[in-house]
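Chains as they are written, first to last, in the UniProt record's numbering: chain A, 1 to 711; chain B, 1 to 711.
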């Protein structure tokens, strides 16, 4: 896709509707109807070989018969005619098309083939295409007014750019927007995303001024790395809020049967969204609530929330929510409290939450809100209204909006526990604050504002380049390749890590017992002895790891025992001797490494190691390549971070060194992209000085890819 | 409170309104108005010394002037006249009152005193009282039609019994019920809960047939043990759904300033609700969604969910939610799939989720739902509708309800992503299924049905009595008391545990080094040596624990080192020698114990021990006394349960023995209720045979209470 063609699609001066129809209950009819009803500002050319006039407009047999230039074409004809139509569009000089027609990869192998042929043509012609199998596009810009979409409702103007991978869902959403007091600037139904996908929309909207926030409904992410680059940049300018469906295994299978696209593992998706600054929601309800807050609130300066209420209960519930989201309850200044005391009744509470009590009249709402907004210690305000005799909800809402208009810089949200009738009225008004029925929704919204604030304040991550001995690593891989192995031995794995500047624990290889004893003497007791075998990767399972060996006698005994056990299990073949390692004293065993997701590529992991790794699952993921801040986020987002900080009086772990290890691993998989799996387990935090030491390592490569790249 | 008086309050044949008024905008006016407007079936006696007629009814100066009997009185006069009015009520033989008047403990010390005097009178007269400082009571039973409440809206009939601790919130809720398609059977605003509280309501409603479910909004739980007994019994008959506010520290402080009642720690509340089978919600929105589902759905037979949809996206989102709630996606039978294929178009998917595709007509909705409901492998169904040209939402809703009426035994929920207009229409209809706008809400509701199903199926817990040596324990406590200590020594703590049948690790006390060596010989190396001191409870912090001592030489060295270190820190005073313990080989360190919550009383804890206890917080709580099932729930609800099961190839832990340890501790704190804190940390799971062994213990008692009870 090209941004300029995208612009032609979304803001065309003239457009063709290929497959326009006079027959009701057809998509060709509905598109024509919506375009005209919504008052499209440009010229519409209906294309239909059978009719000379459609819905009052002159129709043409093909785009080639249209006299003037055409900026874009909406295609709603049977899929079998789409390819030849694309030829004609190209001949006419059209650079952007929206293919609504279904009958492509979502239908099976034949459709998939047709779609591949379509993509080839698009590339050949340098054409940008939305769809196929989509609902269409919308641009509510008053200068454009493009409703090229067959949803039932006309679009509502707003500041959202919305991308939906599900057509029907997009239609449903268009339907309910008005009720929610939000609207679109632009809407793109990407359908099978043969060309235009969420990435393209982000790239295009990054610099479209009237799109203030971007909402995504995705079932798969077409190009994760591109998404990352674009989203990371754009989220600094405007929030991106995403609902990524197909999280569960069962959900993912429903996803692939639905759109024919492979849903990536959710861990990778979560990592990608987190490190790109995309706000992730897990339900449409939350997606829209968040959008509502972004539509009607500025980004706050801090996370201190004040609550103004006429009822204690909802105040408590909001307080719970504020604390649980990790925000702060604002401490009102003495001045603020005095000002409040001056007019509120004695039974009122002037601490936060400010409880004006049930009988609070309109004037108290106004003055309390004004007073609280003036407090420098307050960044955001929740105003709660519960019905009380004689006070009308809509009047309170108007009063709050009046005060808000005078104080535009701080977010204010309304919680009105009143009838739907109120929300109906509100949905027909211009509002300057978002209204919710329940306090938790409002606070969740503030939490999203706060999240965006923190993201904007976060500096740009750096991608440091370390000096490493990549030639050494290359030679290790070469010898592994030569032997046709996927799996590196422990010694090879540790050699690779060491060459990339990771402190591995002191060790050496010994071919036999005598060498082992000599080596242990050199390293110093206590030592660990590990089986070195090309055939066995899970050494613990075969008794291949012996720890706490204190002297030569013990070493001798353990060695003999290991060999006997292997012999008994018929596993002696492949044993190349043992590795003797320094024994690192540590209570803190971490794990880090690289995993490869088939769709998202290499992914870094960090977390609590040892016996707990599988059970506690206290690990974090980020996609490679890591920025320094990504690495820090990974480290800080596990619960075990407190252990690293020295929660129990230990020497704090050297966080910078851990960060560097993650960055060095990231560099490794960038330099050698065929590294499929890498584990440092355990990464021990030395009790002595907090140094992270790789005590054991495992590396697996993808052979074919490695052969291609190394040779 | 008494149940019979409660029944008089909620279903009175005659009632007095003390403080009835002809003056608009007073509560005495509104109560009278609501009572008459809603069509109360009994006789109303307005009481007001100044008027002879109020709102068309003959008024009396006092209840004593009323000729006939009076079942209950609603009191809305100034608080200073309440006590004398109670005297008159008693004289008149009234057994139940509703005190709406404010001005009691919520106002400060004077009000608190007044409330105490009120409570004394209530006890003296054996009177049952709702309030004070409340909104009133409602009973929508057509035979009663009691709206003794000053909310703005008239109540909507339904099957919910609702208790609200917040008056204004109760009013707000009455307001929005109709919009939500739910209604009350009865409503009680408990206000300051001087007498009637959530417990009383549960006790009363347990046997009120038209209350099918109980909803609670609570900021504090007045009598946790009573609540537990009543709720545990009642939840087997009808669901109890609770929102307990004041969870966070900040929230709890707002709670105490609001109602003057002390909000208990949330961990204890969570434990209480879980072990009583109460469904806990964390927002009003969820509370009402759950109520809606219970109102319109039977309890399912299993947890297998089928999804019927006309759009892929929402089907995927629902699938995600089903899996994330731990329910199963139903596997449709071949027969079902064939039946579906017979009428659905080829593009449809007949796997679960059944995607009928966007164009699905009414007939497909009906037939698909019918077919899926007939499948024995389906326990619950979600039906999703997204607007599609020509198909009206309300028609689809009616079609679904028609099929549901023919198949009443399986829960069906509707997800209609359409306009508020639809929900408005639905709110004016009799419905037999709950409708939601978003799939996640619907699935959350099904999850609650499933939770209730599992709770009903759960057998009753048993409270076994173990044979223990309580005299031994008594003598330990006596000697501790004699020395005026709160804290038991390690040896004393382990002796107490051992006397209660808990396997503690073999050990003995040694006064000096020679005794220590003799003892270690007896126990067998390796051993652990621990400081035995009356002054130091956190032994690790002072180097007072030495592990892995292999022989007498090492023991000698460690002993000397310990003494030297204590001397250097000036901590030698109080040292009584050392404890020599068997060294239990174990990778799995658990923790269990007793904590005392000031409001909820003794609380049991179990979880992952060792260095992780504070950081991972992988622990569970239940209130004492524990049933055997409570103990099992505690063990199974921690993540580390997988370690106990032997996730990494270890010998599985003896779960029964762990359960018994928890039950024995529960018995200990029942027998000796002054035990304030007890820790078994670590409780090691022996690598050898999975036996749980208490390796270290700490017990703290409450001195004054102990003195009272022991002597």
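Cβ coordinates follow ideal geometry from the N, Cα and C atoms, glycine included. Model, not experiment: these values are computed from the prediction.
For residue i, decide whether its Cβ has a neighbour in chain B, counting only Cβ atoms nearer than 7 Å.
i, result
"residue 209/A", "no"
"residue 417/A", "yes"
"residue 20/A", "no"
"residue 193/A", "no"
"residue 438/A", "yes"
"residue 605/A", "no"
Is residue i helix, strand or coil when you go by DSSP?
i, result
"residue 672/B", "coil"
"residue 436/A", "strand"
"residue 263/B", "Legend: pLDDT at residue 263/B = 33, less than 50; position of this residue unreliable, value from coordinates given subsequently. If DSSP states are grouped into helix, strand and coil, residue 263/B belongs with coil."
"residue 700/B", "strand"
"residue 215/B", "strand"
"residue 336/A", "helix"
Quick one: using the 10 Å Cβ neighbour count with 16 as the cut-off for buried, is residue i buried or exposed?
i, result
"residue 456/A", "exposed"
"residue 114/B", "buried"
"residue 375/B", "buried"
"residue 367/B", "buried"
"residue 467/A", "exposed"
"residue 452/A", "buried"
"residue 584/B", "buried"
"residue 231/A", "buried"
"residue 423/B", "buried"
Taking only beta-carbon positions, decide if residue i is within less than 7 Å of chain A.
i, result
"residue 615/B", "yes"
"residue 245/B", "yes"
"residue 16/B", "no"
"residue 179/B", "yes"
"residue 122/B", "no"
"residue 172/B", "yes"
"residue 175/B", "yes"
"residue 255/B", "Its pLDDT being 49, under 50, residue 255/B is placed unreliably in this model, and the coordinates cannot settle the point."
"residue 387/B", "yes"
Please tell me whether residue i and residue j are closer than 7 Å, where the distance is taken between their beta carbons.
i, j, result
"residue 674/A", "residue 626/A", "no"
"residue 668/A", "residue 525/A", "no"
"residue 639/A", "residue 671/A", "no"
"residue 511/A", "residue 577/A", "yes"
"residue 72/B", "residue 112/B", "no"
"residue 785/A", "residue 506/A", "Any answer about residue 785/A is impossible in this case: the structure gives chain A only from 1 up to 711."
"residue 161/B", "residue 75/B", "no"
What number of angstroms, rounded off, separates the C-alpha of residue i from the C-alpha of residue j?
i, j, result
"residue 118/B", "residue 92/B", "17 Å"
"residue 32/B", "residue 19/B", "10 Å"
"residue 298/A", "residue 654/A", "39 Å"
"residue 432/A", "residue 439/B", "29 Å"
"residue 57/B", "residue 285/B", "41 Å"
"residue 411/A", "residue 304/A", "11 Å"
"residue 321/B", "residue 26/A", "35 Å"
"residue 481/B", "residue 588/A", "41 Å"
"residue 261/B", "residue 680/A", "Per-residue confidence for residue 261/B stands at a pLDDT of 35, beneath the threshold of 50, marking its modelled position as unreliable; the derived number appears in the next sentence. The straight-line gap from Cα to Cα measures roughly 53 Å."
"residue 42/B", "residue 68/B", "12 Å"
"residue 55/A", "residue 45/A", "11 Å"
Is residue i near the ligand FAD, in the sense that its beta carbon is under 6 Å from a heavy atom of that ligand?
i, result
"residue 424/A", "No copy of the ligand FAD appears in this structure; indeed no ligand is present at all."
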